[in-house]
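Mature numbering (1 follows the signal peptide of the UniProt record, and there is no 0) puts the sequence shown at residues -22 to -1, 1 to 68.
For each residue, glycine too, the CB sits at the ideal point set by N, CA and C.
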Amino acid sequence: MQRGAVLLGVVAFLGLLPQAAAKVYNLHETEVWAVVAYSKRLMNACALANSHMDNPWSVVDVKDFEERSLFHSMYKAMVSCLEDFFQQRP
């Protein structure tokens, strides 16, 4: 299950690679919207599992992730969160 969470994060990032050259993501595409929404859910779940009470991503709306740099910032935070999660649970 833990590996599945990491795999989901990697798949989420790879799902958006075709749009990486753009400054914004097209959230009107169903696949892009799904990747962003599920990535946000994974970030929130990870923060909750690690007892991070100050998760700034929980208040960001999915539509705000149209800006590529915002999604990449959340993705980096999600990777750190998942690394912390797996280090605490050998």
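Checklist entry - What did DSSP end up calling residue 38 once you bin it into helix, strand or coil? => result Of the three classes helix, strand and coil, the one that applies to residue 38 here is coil, per DSSP.
Checklist entry - Whose CA, out of 16, 65, 47 and 46, lies closest to the CA of residue 36? => result Answer by Cα proximity: 16.
Next on the checklist: Less than 8 Å between the beta carbons of residue 14 and residue 20, yes or no?
Outcome noted: The Cβ atoms of residue 14 and residue 20 lie no closer than 8 Å to each other.
Item to check | Assigned secondary structure, residue 45 (DSSP; H/G/I helix, E/B strand, else coil) | outcome: Here residue 45 carries a strand assignment [DSSP, helix/strand/coil].
Item to check | Cβ-Cβ separation, residue 3 to residue 49 (assumed contact under 8 Å), whole Å | outcome: The Cβ separation is near 7 Å, so the contact holds.
Next on the checklist: Taking the alpha-carbon of residue 11 as reference, which of 67, 43 and 31 has the nearest alpha-carbon?
Outcome noted: 43
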